[in-house]
Amino acid sequence: MALALTDEQVQLTEAMAGFARRHGGLELTRSQFDALAAGERPAFWAALVANGLHGVQLPEQGGGFVDAACVIDAAGYGLLPGPLLPTMIAGAVIADLPEQPAVRAAREALAAGGPMAVLLPSDGVLRAEPDGAGWRLTGAAGPQLGVAAAEHVIVAADTDAAQRLWFLINAAGPGVVVQAAAPTDLTRDVGTLSCADAPVAADAVLAGVDPVRARCHAIGLMAAEAAGIARWCVDNVVAYLKVREQFGRRIGAFQALQHKAAMLFIDSELAAAAAWDAVRGAEQPIEQHEIAAAGAAIAAIGKLPDLVVDALTMFGAIGYTWEHDLHLYWKRSISLAAAAGGVAEWAELLGEPDRQPRDFGIELAGVEERFRGQIAALIDAAAQLDNEAPGRQNPEYEDFWTGPRRTALADAGLVAPYLPAPWGLDATPAQQLVIDEEFDRRPTLTRPSLGIAQWILPTVIAEGTDGQRERFAVPTLRGEIGWCQLFSEPGAGSDLASLTTRATKVEGGWRIDGQKVWTSSAQRADWGALLARTDPQAAKHRGIGYFLIDMTSPGITIRPLRTASGDEHFNEVFFDDVFVPDDMLVGEPTAGWSHALATMANERVAIGAYAKLDKERELRALARQAGPAGVMVRHALGRVRAATNAIGALAVRDTLRRLAGHGPGPASSVGKVGTALLVRRVTADALAFSGRAAMVGGADHPAVADTLMMPAEVIGGGTVEIQLNIIATMILGLPRA
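Here the sequence shown is numbered in the numbering used here, starting from 11 and rising by one per residue.
As structure tokens, then:
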């Protein structure tokens, strides 16, 4: 996934990618390693400057920080050599500053094509002493990317009065020495800057530099380059797996490699989401920008070297040779990770237990305020009412409770506003976001949930008869009917099409015989959505019917399954000659498979919303400990938050795509796997840091309880392995086994 979302950003990315193909080329780059390391400009630099691609974020160019990231994303994909990244980081810092002589000088230098670099306080701080109307600088800073190539360097210096100033230094000025170092990344220079009583004019001072914001700009653009590199790895690995043959087959058909390729894709998508979030954070308050940048430093930049190694292993020994281009991307990834600073530092910053959460709100330009006012009025009116009865699905949860409040919200179309009228509001994606915001603004009002029915009701409304819609839609929305989903069987879990429960046609209906398993809430459900085989002679994906079955029907036996947590949430359900009338068949007798796919898609989207829930509660409490133990927990919490925020950013990007009129992308599958892995990580971390306390209390200990519930969350909605199969074959296009 490229960072670009808008049509203009796509065009900008394509322009940069085309430039890289025409003027870059790794064969040419390989012949210039020594010159690049010395800070010489690549031959294409003048053409790049003429196109203005190096300064799109500057006010005179009319672009923004995300536009700059799109350029860097494409440059990273093409491994464009030279000082483009450090120059654009400097441009981002300059773009933030008020008009002043040093800013004008910097813009003029950039416009003329002069490479530029930034040395942040983490790279070193010089000493500044007054010298008449100007200053004299002493000290050294670096190493950092692009310093050897830079004509000008932005650097900080402290005065004896404990004042920190920022300067725009001419790298060739008197008393200034720039020393190129042997770079890890063979395609870009690294250098240090030393000043020995170097005179600097007063108008070289840059007023208004925020060091936190400047560092966040650097991380955002580094992460954008990391996203481009990750995308190159995915594309080239997938292309290789499609053509390389072993044992008489293309190796992309081997499930082990399919799963590795799918995980590479997931890591790449989450890296791109984190990078995009970091650069869009530049328009937000500084604390939000820092949260997003820290997440990108961990999830995109810090993870990149391992991601490239994963790609290398799929190429095998070929990917380890000097002739293969992969090692050049690998070395750049190592250099980027080093330039960004250690992951531990960013993780501790992000892992402060009381740090505010990432704000994933979306500005909804063009959505009528009249609509918002109507929604607010409906919610406020419902808030004056109460719910008095426990819900049919689960009495423990307030969002299932029924009564006048829920009825008012259901009748107003606000329980499931995405449904068509009269059951919902047929709300557009933008209108759904408005409704979400209005509920969020009233935290004391619990928003009603459909629970399992949110997977079933859309299918009934879309594919059912008028009678089925009339019978089930309104009572379900009001919470008066509880549902269960009767899909999985002992021999047909992930391979759902292998189900053997039979539906035999009889006068007036069907007789159901068979067994279902892992059915959530069957012991409380009033109705179930059942898949059964109507034509045993048909291919396994055909001959399946989708039935609505009364769970009080004679012949149904429900046996709770007690899980490791001690709960009895799941059930076995046995059907012995159970009669289902014809009017409870949804659609045609052989249409069940397509209905099931729609239901499971609804399920994955619903489970994707789990990323909004608080999964870090126990880690947050443990992170408040003093001493080394607390530091370690904060590191773990920071990594968890980085992963959580990457999934959240992925969801925001998907929402923005839908708002722009695009169809669903791979975000739900990526988010499902990402969330499952995150749940495993956070429960394992909480358990590990609980230490000896986890010996006592069993399922009453919070970390133990969360761990014992974890498999239900990880497996629900489809196992990770099945999702990896789907990603490998349906998204990446790898051959089926």
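The beta-carbon is built from N, C-alpha and C at its ideal position, and this holds for glycine as well. None of the values given here were measured: they were computed from a predicted structure.
Quiz item: From residue 239 to residue 150, what distance separates their C-alpha atoms?
Solution: Your numbering for residue 239 matches position 229 in the sequence shown. Your numbering for residue 150 matches position 140 in the sequence shown. Distance between the alpha carbons of residue 239 and residue 150 is about 31 angstroms.
Self-check item: Neighbour-count burial assignment, residue 310, 16 or more Cβ in a 10 Å radius
Solution: In the sequence shown, the residue the question calls residue 310 occupies position 300. Counting Cβ neighbours within 10 Å, residue 310 comes out buried, since at least 16 surround it.
Quiz prompt | Alpha-carbon to alpha-carbon, residue 295 and residue 118 | solution = Start at 1 with the first residue of the sequence shown, and residue 118 comes out as number 108. Start at 1 with the first residue of the sequence shown, and residue 295 comes out as number 285. Using only the alpha carbons, I get a separation of about 29 angstroms.
Practice problem: Compare the C-beta of residue 501 against all C-beta atoms of chain D and say whether one is closer than 8 angstroms. | Solution: The question asks about chain D, but that chain is absent: this structure has only one protein chain.
Quiz prompt | For residue 187 and residue 144, believed in contact at Cβ under 8 angstroms, the rounded distance | solution = Here residue 144 is taken as the residue at index 134 of the sequence shown, counted from 1. Here residue 187 is taken as the residue at index 177 of the sequence shown, counted from 1. Contact flag wrong, Cβ pair sits at about 19 angstroms.
Quiz item: What beta strand (DSSP E) runs, 3 residues minimum, are completely inside the region 374-433?
Solution: none
Practice problem: Leaving aside the five residues before and after residue 559 along the sequence, list all residues of the same chain whose C-beta is less than 6 angstroms from its C-beta, in chain order. | Solution: Translated into the one-based positions of the sequence shown, residue 559 becomes position 549. Contacts found: 538, 540, 590.
Practice problem: Count the C-beta pairs between the region 510-524 and the region 468-482 that are closer than 8 angstroms, then say yes if the count reaches three, no if not. | Solution: no
Self-check item: Extent of the continuous beta strand (DSSP E) run through residue 270
Solution: Within the sequence shown, numbered from 1, the residue matching residue 270 stands at position 260. Element bounds for residue 270: not the beta strand (DSSP E) but the alpha helix (DSSP H), 265-290.
Exercise. Return the Cβ separation of residue 312 and residue 132 in integer angstroms, given the expectation that the two are a contact with Cβ distance under 8 angstroms.
Key: Taking the sequence shown and counting its residues from 1, one reaches residue 312 at position 302. Taking the sequence shown and counting its residues from 1, one reaches residue 132 at position 122. Not really, about 15 angstroms apart at Cβ, beyond 8 angstroms.
Self-check item: Span of the alpha helix (DSSP H), counted from its first residue to its last, around residue 101
Solution: The sequence position of residue 101 within the sequence shown is 91, counting from 1. Where residue 101 is concerned, the enclosing alpha helix (DSSP H) stretches over 94-105.
Self-check item: Reduced DSSP category for residue 491 - H, G, I as helix; E, B as strand; rest coil
Solution: For the purposes of this step, residue 491 is taken as the residue at position 481 of the sequence shown. Coil.
Quiz item: From residue 108 to residue 495, what does the alpha carbon distance come to, in whole angstroms?
Solution: Stepping through the sequence shown from its first residue, residue 108 is reached at position 98. Stepping through the sequence shown from its first residue, residue 495 is reached at position 485. One C-alpha to the other measures close to 60 angstroms.
Quiz prompt | Whole alpha helix (DSSP H) elements within the region 297-342, 4-residue minimum | solution = 314-325
Quiz item: Hey, out of 218, 179, 227, whose CA is closest to residue 206's CA?
Solution: To locate residue 206, count along the sequence shown from 1; it is residue 196. Comparing Cα positions, the closest option is 179.
Quiz prompt | Under the three-state DSSP convention, the category residue 442 falls into | solution = For the purposes of this step, residue 442 is identified with residue 432 of the sequence shown, where counting begins at 1. Helix, per DSSP.
Quiz item: Which whole-angstrom value describes the C-beta separation of residue 79 and residue 136, a residue pair presumed to lie in contact below a C-beta threshold of 8 angstroms?
Solution: For the purposes of this step, residue 79 is identified with residue 69 of the sequence shown, where counting begins at 1. For the purposes of this step, residue 136 is identified with residue 126 of the sequence shown, where counting begins at 1. Going by Cβ atoms, the distance from residue 79 to residue 136 rounds to 30 angstroms, so no, they are not a contact pair.
Quiz prompt | Option nearest residue 479 by Cα separation, candidates 120, 424, 430, 693 | solution = Sequence index remark: in the sequence shown, residue 479 carries index 469 (1-based). Among 120, 424, 430, 693, the Cα nearest to that of residue 479 belongs to 430.
Exercise. State the DSSP-derived secondary structure class of residue 129, mapped to helix, strand or coil.
Key: Here residue 129 is taken as the residue at index 119 of the sequence shown, counted from 1. Three-state result, residue 129: strand.
Practice problem: Would you decide whether residue 73 is buried or exposed? Buried here means 16 or more other CB atoms lie within 10 Å of its CB. | Solution: Counting from 1 along the sequence shown, the entry for residue 73 is found at position 63. Label assigned to residue 73: buried.
Quiz prompt | Residue range of the alpha helix (DSSP H) that includes residue 749 | solution = In the structure as shown, the chain begins at 11 and stops at 747. Residue 749 is therefore absent and cannot be evaluated.
Quiz prompt | Residues of its chain near residue 707, where Cβ-Cβ distance is below 8 angstroms and the 5 sequence neighbours each way are ignored | solution = Mapped onto the sequence shown, residue 707 falls at position 697. Taken in chain order, the residues that qualify are 714.
Exercise. Can you give me the Cβ contacts of residue 467 inside the same chain, cut-off strictly under 6 angstroms, excluding the 5 residues immediately before and after it?
Key: Within the sequence shown, numbered from 1, the residue matching residue 467 stands at position 457. Around residue 467: 486.
Practice problem: Give a yes or no on contact between the region 280-300 and the region 323-334, applying the rule of three or more CB pairs nearer than 8 angstroms. | Solution: no
Quiz item: Nearest-angstrom Cα distance between residue 231 and residue 75?
Solution: For the purposes of this step, residue 231 is taken as residue 221 along the sequence shown, with counting starting at 1. For the purposes of this step, residue 75 is taken as residue 65 along the sequence shown, with counting starting at 1. Computed Cα separation, rounded: 9 angstroms.
Quiz prompt | Which listed residue (360, 190, 196, 212) has its alpha carbon closest to that of residue 176 | solution = One-based indexing of the sequence shown puts residue 176 at position 166. Out of 360, 190, 196, 212, 212 has the C-alpha closest to the C-alpha of residue 176.
Exercise. Could I get the ranges of all uninterrupted beta strand (DSSP E) runs contained in the region 132-166, with 3 residues as the minimum, in chain order?
Key: 136-141, 144-155
Quiz item: What's the C-alpha gap between residue 670 and residue 378?
Solution: The sequence position of residue 670 within the sequence shown is 660, counting from 1. The sequence position of residue 378 within the sequence shown is 368, counting from 1. The straight-line gap from Cα to Cα measures roughly 16 angstroms.
Quiz prompt | First and last residue of the uninterrupted alpha helix (DSSP H) at residue 674 | solution = Translated into the one-based positions of the sequence shown, residue 674 becomes position 664. Premise fails: residue 674 is in no alpha helix (DSSP H) and is neither H nor E.
Practice problem: Report yes if the CB atom of residue 660 is closer than 8 angstroms to the CB atom of residue 283, and no otherwise. | Solution: The count along the sequence shown starts at 1 and reaches residue 660 at position 650. The count along the sequence shown starts at 1 and reaches residue 283 at position 273. Yes, they are a contact pair.
Practice problem: May I have a chain-ordered list of the alpha helix (DSSP H) segments no shorter than 4 residues that lie completely inside the region 463-542? | Solution: 463-473, 476-487
Practice problem: Compare the beta carbon distance of residue 433 and residue 462 with 8 angstroms and say whether it is the shorter of the two. | Solution: As a working note, residue 433 is residue 423 in the sequence shown. As a working note, residue 462 is residue 452 in the sequence shown. No, the Cβ-Cβ distance between residue 433 and residue 462 is not below 8 angstroms.
Quiz item: Just how far apart, CA to CA, sit residue 628 and residue 354?
Solution: Here the question's residue 628 lines up with position 618 in the sequence shown. Here the question's residue 354 lines up with position 344 in the sequence shown. Residue 628 and residue 354: Cα-Cα distance of roughly 20 angstroms.
Self-check item: Proximity winner among 233, 105, 134, 130, relative to residue 120 (alpha-carbon distances)
Solution: Residue mapping note: residue 120 aligns to position 110 of the sequence shown, counting from 1. Looking at the Cα atoms, 105 is the closest of the given residues.
Exercise. Would you mind working out which of 146, 165, 110 sits nearest residue 127, comparing C-alpha positions?
Key: Here residue 127 is taken as the residue at index 117 of the sequence shown, counted from 1. Here the closest residue by C-alpha is 165.
Self-check item: Cα-Cα separation between residue 536 and residue 328, rounded to whole angstroms
Solution: Locating residue 536 in the sequence shown gives position 526, where the first residue counts as 1. Locating residue 328 in the sequence shown gives position 318, where the first residue counts as 1. Spanning the two alpha carbons is a distance of roughly 59 angstroms.
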